[in-house]
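Quick note, the working numbering runs 4 ahead of the 1-based positions in the sequence shown.
What follows is a single structure, written as structure tokens, with notes after it.
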Amino acid sequence: MKSYEKLLLENKAWAAEKVSDDSQYFERLAHIQTPEFLWIGCSDSRVPANEITGTQPGEIFVHRNVANLVVHTDVNLLSVLDYAVNHLKVKHVIVCGHYGCGGVKASMTNHNFNQVLNMWLRNIKDVYRLHRSELEAEQNEEKRFDRLVELNVIEQIQHLAKTSIIQKAWKHDQRPVLHGWVYGLKDGILNPVFRMDPGTHIDPLYEYDDL
Ligand SMILES: [Zn+2]
């Protein structure tokens, strides 16, 4: 059997098991989704949002990209954010990075990954530059790498707060709470490193006054 054929077979078994546990399972999910959470995570195959949080289909709206970045010109990310905040009315947005992130590690090198990846990783190099003194005060390379993973998550949370989508929801609906978490590949534990509650003060330069 080919590897992808196994996926289709496993899917049939999974669907049958769900229906045997709860005959209305798919019927219910097909009609409505009311997730409380938007998850912005890394594409890394070892960090599956539902599995590590013990949640089921329908509970988390998910967007993933290399190194869990919030880039203010990324139409894909912004569409997901807009839909989650304004239509699904999520109460929490979680940016989840992970220790040992290959994207973050790559950004710490001078290697030329060519065109597109260079462009993407540039965003993480900018996080490094902003926090250069703290990072370079750390002599241990592993710890410096871990800290950049954390700082990257914190920076992405701040990018979310700079969007008019989040500012408008904060002003009119006092939600969502923004959470920055880092997942440990070695122990499976989520480490909360940063939180921004609705109405948190941000640099006035980025505040919109006509929301
Ligand atoms: Zn990663």
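Backbone N, C-alpha and C define an ideal beta-carbon position, used for all residues, glycine too.
| Chain-ordered residues, beta carbon under 6 Å from a heavy atom of ligand 1 | Spelled out in chain order, the answer is Cys46, Asp48, Ala71, His102, Cys105, Gly106 and Gly107.
| said: Just list the residues that DSSP pairs Val97 with in beta bridges. | reply: By one-based count along the sequence shown, residue 97 stands at place 93. Residue pairing by DSSP places Val97 opposite Leu42 and Leu182 in a beta bridge.
| message | Can you tell me whether His35 is buried or exposed? The criterion is at least 16 other CB atoms within 10 Å of its CB, across all chains shown. | response | Translated into the one-based positions of the sequence shown, residue 35 becomes position 31. Classification of His35: exposed, given that the 10 Å Cβ count is below 16.
| message | Assuming Phe41 and His96 are in contact, meaning their beta carbons sit under 8 Å apart, how far apart are those beta carbons, in whole angstroms? | response | Stepping through the sequence shown from its first residue, residue 41 is reached at position 37. Stepping through the sequence shown from its first residue, residue 96 is reached at position 92. A Cβ-Cβ separation of about 5 Å places Phe41 in contact with His96 under the 8 Å criterion.
| For Val120 and Leu155, believed in contact at Cβ under 8 Å, the rounded distance | For the purposes of this step, residue 155 is identified with residue 151 of the sequence shown, where counting begins at 1. For the purposes of this step, residue 120 is identified with residue 116 of the sequence shown, where counting begins at 1. No, Leu155 and Val120 are not in contact; Cβ-Cβ is about 24 Å, not under 8 Å.
| query | In this structure, does DSSP put Phe198 in helix, strand or coil? | reply | On the sequence shown, residue 198 is found 194 positions in, with the first residue counted as 1. Of the three classes helix, strand and coil, the one that applies to Phe198 here is strand, per DSSP.
| Option nearest Arg199 by Cα separation, candidates Ser7, Ala165, Glu14 and Asp213 | As a working note, residue 199 is residue 195 in the sequence shown. Measuring C-alpha to C-alpha distances from Arg199 to each of Ser7, Ala165, Glu14 and Asp213 identifies Ala165 as the nearest.
| According to the neighbour-count rule (16 or more other Cβ atoms, all chains shown, within 10 Å of its Cβ), is Gln143 buried or exposed? | Position 139 of the sequence shown, counting from 1, holds the residue named residue 143. Exposed is the call here.
| field | Short Cβ contact (9 Å threshold) for Val181 with Gly101 | value | Walking along the sequence shown from the start, residue 181 turns up at place 177. Walking along the sequence shown from the start, residue 101 turns up at place 97. Against a cut-off of 9 Å, the Cβ pair of Gly101 and Val181 comes out as no contact.
| query | Where DSSP assigns a beta bridge to Asn69, which residues make up the other side? | reply | Against the sequence shown, residue 69 aligns to sequence position 65. Paired residues: Cys46.
| field | beta strand (DSSP E) segments (min. 3 residues) lying fully within the stretch 83-147 | value | Whole beta strand (DSSP E) segments, 3+ residues: 96-102.
| Going by other Cβ atoms of all chains shown within 10 Å of its Cβ, with 16 needed for buried, is Ser24 buried or exposed? | In the sequence shown, residue 24 corresponds to position 20, counting from 1. Ser24 is exposed by the Cβ-count criterion.
| message | Classify Pro196: buried if its beta carbon has 16 or more other beta carbons within 10 angstroms, exposed otherwise. | response | Numbered from its first residue, the sequence shown carries residue 196 at position 192. Of the residues assessed, Pro196 falls on the exposed side of the cut-off, its CB having fewer than 16 other CB atoms within 10 angstroms.
| Reference Gly107; option with closest CA among Ile98, Asp150 and Pro39 | Residue numbering aside, residue 107 sits at position 103 when the sequence shown is read from its first letter. The closest CA to that of Gly107, considering only Ile98, Asp150 and Pro39, is found on Asp150.
| Within 10 angstroms of its Cβ, does Glu159 collect 16 or more other Cβ (buried), or is it exposed? | Here residue 159 is taken as the residue at index 155 of the sequence shown, counted from 1. Glu159 comes out buried.
| query | Can you give the Cα-Cα distance for Glu14 and Thr59, rounded to whole angstroms? | reply | Indexing the sequence shown from 1 puts residue 14 at position 10. Indexing the sequence shown from 1 puts residue 59 at position 55. Rounded to whole angstroms, Glu14 to Thr59 spans 19 Å at the Cα level.
| field | Span separating the alpha-carbon of Lys175 from that of Leu215 | value | On the sequence shown, position 171 is the one that residue 175 refers to. On the sequence shown, position 211 is the one that residue 215 refers to. Lys175 and Leu215: Cα-Cα distance of roughly 8 Å.
| said: For Ile206, which residues in the same chain have their Cβ closer than 6 Å to its Cβ, ignoring the five residues on either side in sequence? | reply: The residue labelled residue 206 in the question sits at position 202 within the sequence shown. Ala165.
| query | How would you call Trp124, buried or exposed, if buried means at least 16 neighbouring beta carbons within 10 angstroms? | reply | Numbered from its first residue, the sequence shown carries residue 124 at position 120. Around the C-beta of Trp124, 16 or more other C-beta atoms lie within 10 Å, and the residue is accordingly described as buried.
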